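> After the structure tokens below, expect a handful of questions from me.
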Amino acid sequence: MKRLSATSISREGRDNLLLLAVLTLSILPHLPRLPLWSSISTGLAIIIRARLAWRDAPLPPRWILLVCLAVGMGMTVWTFHTLFGREAGITLVCLLAGLKTLELRARRDAFVVTSLGFFLILTQFLYSQSLFIAALMLVVLMGMLTSLVLAQRPMGRPSIWSAVKIAWRSVLMGIPVMLALYVLFPRLGPLWSVPADAGPRTGLSDRIKLGHVAELAQDDSVAMRVKFIDVPPITAKLYFRGPVLDYFDGRNWVARPRAQEPVSADDVFQPTPVGAATRYQVTLEPSKVRTVPLLDGTLMAGPTPPLTEPRLERDGLSWTSSQSLTDRTQIDAQAWLTILHGPKQGTPLLRPWLQLPAGFNPRTVAWAQALLQRPELANADPKRLSNAVLSHIRQGAYHYTMAPGEDGIDTQGRPVQDLIDHFWLDTREGFCEHYATAYVVIMRAMGIPSRVVTGYQGAEINPVDGLFVVRNSDAHAWAEFWQPGEGWVRVDPTGAVAPERIERPRQSAGNRGALQNALSSIDPAMWGRMRDYMDATNHRWNIWVLQYSRHRQMQLLKDWGMPSPNWMDLVRLCGIVIICTSLLGIGWLWWTRPRTPRTPWRRPLMRVHRALQAAGLPPPEDSPMPAPAMTWAARIERLDAPEPLQPVKQALIDALRQLDALRYAPHQGSTRQARQLRTALIQTIQQQAQQWRAIRRRDRAN
């Protein structure tokens, strides 16, 4: 059987293979997020279409595609329980793009597939706006534009390189408009503000829901980057304070509603800094919570100038924003690593931090009461009792694990009512949340006010730009108890069982792809350097490009002289840009339109051309318009005219030859006489053409 080569493939097959390759590249980043059945189905459809294009084979019947579409929609509903939403929608679009290639017959189908490819480019930025994704999508965009240019040139076999050049020219011409719209188009909401589907993460949260997560997953994405203006603290002191969780219902830890406690001890007793301040700048990634995770002990914070939004408020040592931080945000702050906060003496305001739900965890409460009754701890202050609990953790065969098993389920698979009892006295394996929450329950059972604090602990320094990178997998939970004469004292029970988690600089290893794992296993040092450079480059990309938010946009308009700009001003400016660009485009098309050279003979010859055509005489073939007079004379001379038309035919030939001679032969008279003669000859030709037409009509009528 004769095999086809790349040079013998048809023009249609070549263009289709290019479009399929670019479409595959636009889908590839989605593969880890797509269900397995969707990835296999989409890939199989593209492979089958590529094989058909290579062999110029006929396409499958449409009823097969309809069946595949119905099955795909059913599988989407079965997987996501809906056809709407981000995950279900992208799964369906990828499947539709693959199936649409199987009916890729005409240019219209190529336009539809290209449009789906453009839409897939946009969907990539719902998940990541990194520089790598932007560069990859630029390559896909150029491929889509190249395929679109080829679809617009159906004649012949234009080279792919010529289409690439046209695509690049179109992109370069659109860059000024793109930059203008980037600066002026209203920021109605960034791509990253689209809600993510629920899933287990160790990232910052405003609650701890015990018994909900079967296995805590590592999320290695960046939560924030910190630049220290002064000497950076050691790793063990890098606590970034997030939500304070003080209400426990037996399974969930949440922040106490302020409406129920109008006055808090944190409101009455303001923090007292000790020692020198540490100045730093933090760049926060977008988040859904309003709590701002700043370095523990931060008393001064505000948006990096010239920005004035968002407004930050401090409650004790916790910071909140006036709105959810859906934009990437830079904040300048000052923190005191040694700080006194909370009441120094006992007060009724501390009672909320003694709350325990009735009937829950009786064994742990009994254990705490037994510890309190030990002779060596008689009349012990909270600090000694805290040390006793930490000593028990160190010596009690406890283990720190990122996969503690499913909370609320015992070894026989039965549900557990008392989660703290199950961890503290049975499994003795847990994550930082288990140790912090169990510690607080024990301290409260001994009558000591205490609470759970969540946030981030630790960071890794990027040697390329010197920034401290805090990842979502650095999310941590610790505790605070109240000590008379001092106030709130931070204690980290996790440090008692896994001191390396607190004291050593962390090297991230979670959430890598297959390629990253392969590189890191071949040469860890090379992979580390590569990742550092990519991370630093991404940060610059984020600051210079993605951080251009609506606040910066409004500040730019103020710098341009608008006292109080709003989104309507942006709409007007965008309208002006679009109108001016359209006018410039129209002017450019008019200026670059094909032009016929204008000569003094063009108009007279056009009058001759129109007169002869109106008489029904066929114009000369392969001749410019208007055709020269001698060309018309030769064309008429070859016509087989009946006897009544012979005198008219000869008169036309003579007049056309005289007109051609007048144009090219030297003339003895004045210019005025030449013009008069030219006008007389044209009138003669027009009269003879009218007579030709009249005779032809009379002959047809007879």
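All residue numbers for the sequence shown refer to the working numbering, where the first residue is 208 and numbers rise by one.
For each residue, glycine too, the CB sits at the ideal point set by N, CA and C.
Remember, predicted model here, so these are calculated numbers, not experimental data.
Under a three-way DSSP split, which group does T554 fall into?
Sequence index remark: in the sequence shown, residue 554 carries index 347 (1-based). In this structure, T554 counts as coil in the three-state DSSP scheme.
> Candidates I234, W270, V698, P517: which alpha carbon is nearest I340's?
Position 133 of the sequence shown, counting from 1, holds the residue named residue 340. It is I234 whose Cα lies nearest to the Cα of I340.
> Judging by CA-CA distance, which residue of I297, A575, A705, G702 is the nearest neighbour of M280?
In the sequence shown, the residue the question calls residue 280 occupies position 73. With distances taken between Cα atoms, M280 lies closest to I297.
> Just checking my contact of V784 with A387 at CB under 8 angstroms: how many whole Å lie between their CB atoms?
The sequence position of residue 784 within the sequence shown is 577, counting from 1. The sequence position of residue 387 within the sequence shown is 180, counting from 1. Correct: roughly 5 angstroms between the Cβ atoms.
> So, under 8 angstroms CB-CB, L626 and R458 are touching, yes? Tell me the CB distance rounded to an integer number of Å.
Taking the sequence shown and counting its residues from 1, the one referred to as residue 626 is at position 419. Taking the sequence shown and counting its residues from 1, the one referred to as residue 458 is at position 251. L626 to R458, Cβ: 6 angstroms. Contact.
> Which ranges does the beta strand (DSSP E) cover as unbroken runs of at least 3 residues, wholly within the region 831-857, from first to last along the chain?
Taking only runs of at least 3 residues, no beta strand (DSSP E) segment lies wholly in the region 831-857.
> In or out: M832 buried (at least 16 other Cβ within 10 Å) or exposed?
In the sequence shown, residue 832 corresponds to position 625, counting from 1. Under this definition M832 is an exposed residue.
> In whole angstroms, give me the CA-to-CA distance for G406 and F455.
The sequence position of residue 406 within the sequence shown is 199, counting from 1. The sequence position of residue 455 within the sequence shown is 248, counting from 1. Residue placement at G406 cannot be trusted, given a pLDDT of 37 that sits under 50; what the coordinates show is reported in the next sentence. Near 23 angstroms, if we compare the C-alpha coordinates of F455 and G406.
> CB A643 to CB A684, shorter than 8 angstroms?
The residue you call residue 643 lines up with position 436 of the sequence shown. The residue you call residue 684 lines up with position 477 of the sequence shown. Yes.
> In this structure, how does DSSP classify Q580 when only helix, strand and coil are distinguished?
On the sequence shown, position 373 is the one that residue 580 refers to. The answer is coil: DSSP assigns Q580 none of H, G, I, E or B.
> Please classify I892 as buried or exposed, where buried requires at least 16 neighbouring CB atoms within 10 angstroms.
Within the sequence shown, numbered from 1, the residue matching residue 892 stands at position 685. Label assigned to I892: buried.
> By Cβ distance, which residues of its chain are closer than 7 angstroms to R486, with the 5 residues on each side in sequence left out?
Taking the first residue of the sequence shown as 1, we reach residue 486 at position 279. Hits under 7 angstroms: I436, D437, Q541.
> Do you know how far the Cα of L327 is from the Cα of R364?
Your numbering for residue 364 matches position 157 in the sequence shown. Your numbering for residue 327 matches position 120 in the sequence shown. The alpha-carbon atoms of R364 and L327 are separated by roughly 28 angstroms.
> Kindly indicate which three-state DSSP category P397 falls into: helix, strand or coil?
Sequence index remark: in the sequence shown, residue 397 carries index 190 (1-based). Because the pLDDT of P397 is 45, which lies under 50, any placement of that residue in the model is unreliable, and the question is left without a value.
> If I follow the unbroken alpha helix (DSSP H) through H599, where does it start and stop?
The sequence position of residue 599 within the sequence shown is 392, counting from 1. Where H599 is concerned, the enclosing alpha helix (DSSP H) stretches over 589-602.
> Can you name the start and end residues of the beta strand (DSSP E) that M431 belongs to?
Taking the first residue of the sequence shown as position 1, residue 431 is located at position 224. Element bounds for M431: 429-435.
> Tell me whether the region 524-534 and the region 483-499 touch, counting them as touching only if at least three CB pairs, one residue from each stretch, are closer than 8 angstroms.
Segments in contact, yes.
> Please determine if the region 547-563 and the region 692-704 are in contact, where contact requires at least 3 C-beta pairs separated by less than 8 angstroms.
Contact holds: three or more Cβ-Cβ distances are below 8 angstroms.
> Within a Cβ cutoff of 6 angstroms, which residues of the same chain sit near V572, ignoring the five residues on either side of it in sequence?
The residue labelled residue 572 in the question sits at position 365 within the sequence shown. The residues are A652.
> Around the Cβ of H237, are there at least 16 other Cβ atoms within 10 angstroms (buried) or fewer (exposed)?
Locating residue 237 in the sequence shown gives position 30, where the first residue counts as 1. H237 comes out buried.
> By the three-class DSSP mapping on this structure, what secondary structure does K416 have?
Within the sequence shown, residue 416 is the residue found at index 209, counting from 1. Strand.
> Does the Cβ of Q331 have 16 or more other Cβ atoms within 10 Å, making it buried, or fewer, making it exposed?
Counted from its first residue, the sequence shown places residue 331 at position 124. Under this definition Q331 is a buried residue.
> Measuring straight from C-alpha to C-alpha, what distance separates A585 and L579?
Walking along the sequence shown from the start, residue 585 turns up at place 378. Walking along the sequence shown from the start, residue 579 turns up at place 372. Their Cα atoms are separated by approximately 7 angstroms.
> Between T511, V461, R521, which lies nearest to Q166 when the distance is taken from Cα to Cα?
Given that the chain is displayed from residue 208 to residue 909, the structure contains no residue 166 and the question cannot be resolved.
> Rounded C-beta distance between P811 and I889? I'm assuming under 8 angstroms.
Start at 1 with the first residue of the sequence shown, and residue 811 comes out as number 604. Start at 1 with the first residue of the sequence shown, and residue 889 comes out as number 682. Contact flag correct, Cβ pair sits at about 6 angstroms.
> Can you list, in chain order, the residues of its chain with a C-beta nearer than 8 angstroms to that of L227? Leave out the 5 residues immediately preceding and following it.
By one-based count along the sequence shown, residue 227 stands at place 20. For L227, where only same-chain residues beyond five positions count, the Cβ hits under 8 angstroms are I253, R256, A257, A260, T308.
> Go through the region 244-299 residue by residue and report every complete run of the alpha helix (DSSP H) that reaches 4 residues or more, in order.
The qualifying runs are 269-287.
> Go to S525, then tell me how far its beta strand (DSSP E) extends in each direction, as first and last residue.
If you number the sequence shown from 1, residue 525 lands on position 318. 525-528 is the span of the beta strand (DSSP E), which, as asked, contains S525.
> Please report how far the alpha carbon of V704 lies from the alpha carbon of H629, in whole angstroms.
Position 497 of the sequence shown holds residue 704. Position 422 of the sequence shown holds residue 629. Roughly 18 angstroms between the two C-alpha positions.
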